[in-house]
Amino acid sequence: MNDVPAPAPLAAAGRQRGNPEVRAIPRVIMDEVYCAIRLQRSTVTSMDRLAILTSGGDAPGMNAAIRAAVRSATTHGITMMASPNGFMGLVHGDFQELDDRAVGNQIQRGGTFIGTSRCPEFLHADVRAKAAENMRREGIEGLVVIGGDGSFRGACALAGEQGVAVAGIPGTIDNDVYGTDHTIGFDTAVNTAVLAIDQVRDTGESTGTTFFVEVMGRTSGAIALHTAVAAGATGVLVPEAHDDIEDLAQRIRKSIQSGKRSHIVVVAEGDHEGGAFRVAKKVSECYEHPYRVVVLGHIQRGGSPTALDRIVAAQSGALAVQALAAGRSGIMIGIQRGVPVEVLLSEVVAHSHPEARSDLLALAQQLAG
Ligand code: F6P
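Below you can see the structure in the form of structure tokens.
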């Protein structure tokens, strides 16, 4: 392994998202704290080969993270292998080497060029054992997993049972991973939704129509909340909050009476009322007025990543490899208050969902007009 400068100390960890109280999240501080699952610390002293995979729903910026991880590996004298299609690649023993050139011209691309999948098979210990065996056969000592908390559960199990060194990078448009303020892809998805709503608003304003816009998020209202505030929505409905359809209808009625012509209601796909079509119907039963429904769907998952997503991806990819090269394992690279931190994966998976931003919900309603 090449001689590389010692990693700069990461900033102190801070708080749980959505909680005004600052609460400490256990964090790896160099060699002091280790993953609470059975693998406490990678036993590998000299790492020659790592694998990287993207898992779950793809998110813009994943390619930028792969690029950063590969190029960071190169500076550490480590060969990086891709596990195509997420954990499936490990299970099939299907690895492909990624060198610096293989990740060229990827930073600006959405999706993930190494493929992704949801891999329910990985819930089974015998499948994980096979994956670890395939890794050992290829001389792969550690794994970088880019995905959401479901993917991190798989990574933790692999580490705990099989002694594979793992480092996670939060990548999902949903921004619903505990221990980080930002998951790769979230900023791009919100910007995509805001741009779409800006365009919808043109026709809404011209015709006096209310638009119910459904954004992604089966269990997380993060995209909906951020989009609603940024797009100046009249209402927002998220899975984490109780909906009051009558109140929403009343607010729309009042603002129409006050002369406002365009109304946007942002609905998270996982909202309890059952998506934008149902919400629109229920609102119009309370207050009849012309409306249309727009479901943005997977459009939000694609497209060129924003600068913010690329920067977070670059930091996370480089730091994940740096951590593994230094012998640390069972960690996720999170961003807290703009600063990269290492958070224990065991902590991340123990808290499946950060709290919703009730401040944004209140703000969206306060500013609706
Ligand atoms: O990756 C997250 C996400 O896009 C969610 O927002 C959405 O609910 C889900 O994935 C959709 O998944 P799929 O493409 O598998 O239907």
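882 is the number of the first residue of the sequence shown in my numbering; add one for each residue after it.
Here a beta-carbon is modelled for each residue, glycine too, at the ideal position from N, C-alpha and C.
Just so you know, these numbers come straight off a predicted model, no measurement behind them.
Cross-strand partners of residue i (DSSP beta bridge)
i: residue 1144; result: 1091
i: residue 1221; result: 1216
i: residue 934; result: 1026
i: residue 1176; result: 1095
As assigned by DSSP and simplified to three states, the class of residue i
i: residue 1249; result: coil
i: residue 905; result: Confidence in residue 905 is poor, its pLDDT being 32 and thus under 50, which makes the residue's placement too unreliable to answer from.
i: residue 961; result: strand
i: residue 917; result: Any answer about residue 917 is weak, because its pLDDT of 33 lies below 50 and its placement is not dependable; what the coordinates show is given next. Three-state DSSP puts residue 917 in coil, outside helix and strand.
i: residue 977; result: strand
i: residue 1127; result: helix
i: residue 1230; result: helix
i: residue 1149; result: strand
i: residue 1119; result: coil
i: residue 1243; result: helix
i: residue 1136; result: helix
i: residue 955; result: helix
i: residue 1108; result: helix
i: residue 928; result: coil
i: residue 912; result: Interpretation of residue 912 is limited by its pLDDT of 28, a score under 50 that renders its predicted location unreliable; no figure is taken from the coordinates.
i: residue 1081; result: helix
i: residue 1086; result: helix
i: residue 1071; result: helix
i: residue 1003; result: helix
i: residue 994; result: coil
i: residue 942; result: coil
i: residue 984; result: coil
i: residue 949; result: helix
i: residue 1159; result: helix
i: residue 1211; result: coil
i: residue 1103; result: helix
i: residue 970; result: helix
i: residue 895; result: Residue placement at residue 895 is flagged as unreliable, the pLDDT there being 29, under the threshold of 50; the coordinate-derived value follows with that caveat. It is coil, neither helix nor strand.
i: residue 1238; result: coil
CA nearest to the CA of residue i, picked from the options
i: residue 1242; options: 1196, 1106, 1210, 1217; result: 1106
i: residue 1174; options: 1187, 1150, 1235; result: 1150
i: residue 1187; options: 1079, 930, 931, 943; result: 943
i: residue 1123; options: 1110, 1037, 1239; result: 1239
i: residue 945; options: 936, 985, 927, 1136; result: 985
i: residue 956; options: 1223, 1206, 1249; result: 1206
i: residue 1178; options: 1160, 928, 1038, 1097; result: 1097
i: residue 977; options: 1008, 1184, 937, 930; result: 930
i: residue 1091; options: 1063, 1108, 1142; result: 1142
i: residue 1268; options: 1076, 1029, 1108, 1042; result: For the chain, the structure presents residues 882 to 1250; residue 1268 sits outside this window and is missing.
i: residue 1118; options: 1128, 1102, 1075; result: 1102
i: residue 992; options: 1202, 1201, 1184; result: 1184
i: residue 1077; options: 1068, 1065, 1063, 1108; result: 1108
i: residue 975; options: 995, 1160, 1204, 1223; result: 995
i: residue 867; options: 961, 1095, 980; result: This structure cannot settle anything about residue 867, because the visible part of the chain is limited to 882 through 1250.
i: residue 1069; options: 941, 1210, 1199; result: 941
i: residue 1250; options: 1145, 1162, 1155, 1165; result: 1145
i: residue 971; options: 1061, 1121, 1063, 1009; result: 1009
i: residue 1199; options: 937, 928, 948, 1064; result: 948
i: residue 1156; options: 1221, 1120, 953, 1127; result: 1120
i: residue 1088; options: 1137, 1062, 1060, 1051; result: 1137
i: residue 1227; options: 961, 1033, 959, 980; result: 1033
i: residue 1104; options: 1072, 1060, 1196; result: 1072
i: residue 928; options: 1210, 1229, 1220; result: 1210
i: residue 1099; options: 1247, 1148, 1060, 1225; result: 1148
i: residue 1247; options: 1129, 1006, 1050, 1079; result: 1129
i: residue 1067; options: 1051, 1079, 1060; result: 1051
i: residue 960; options: 973, 933, 937; result: 933
CB contact below 8 Å: residue i versus chain C
i: residue 931; result: Reference to chain C is not applicable here, since this structure consists of a single protein chain.
Task: Any alpha helix (DSSP H) of 4 or more consecutive residues that is wholly inside the segment 1007-1068 - done: 1030-1043
TODO: Could you pull out every unbroken alpha helix (DSSP H) segment of at least 4 residues lying fully inside the segment 1162-1208, listed in chain order?
DONE: 1188-1206, all fully within the segment 1162-1208.
TODO: Examine the Cβ distances between the segment 999-1015 and the segment 1208-1217 and report whether three or more of them are shorter than 8 Å.
DONE: no
- [ ] Count the C-beta pairs between the segment 1044-1056 and the segment 963-970 that are closer than 8 Å, then say yes if the count reaches three, no if not.
- [x] no
- [ ] Would you be able to state if there are at least three C-beta pairs under 8 Å between the segment 1017-1025 and the segment 992-1009?
- [x] no
Open item on the list: Under 8 Å: do the segment 1038-1051 and the segment 1078-1090 share three or more Cβ pairs, one atom per stretch?
Closed with: no
TODO: Would you be able to state if there are at least three C-beta pairs under 8 Å between the segment 1182-1196 and the segment 1113-1122?
DONE: no
TODO: Say whether the segment 1163-1178 touches the segment 1130-1149, bearing in mind that this needs 3 or more beta-carbon pairs closer than 8 Å, one atom from each stretch.
DONE: yes
Open item on the list: For the segment 1230-1237 against the segment 976-994, do three or more pairs of beta-carbon atoms, one drawn from each stretch, fall closer than 8 Å, so that the two count as touching?
Closed with: At 8 Å Cβ cutoff, the stretches do not touch.
- [ ] Report all residues for which the CB-ligand distance to some heavy atom of the ligand PLP is below 6 Å; order them along the chain.
- [x] Among the ligands modelled here, namely the ligand F6P, the ligand PLP does not occur.
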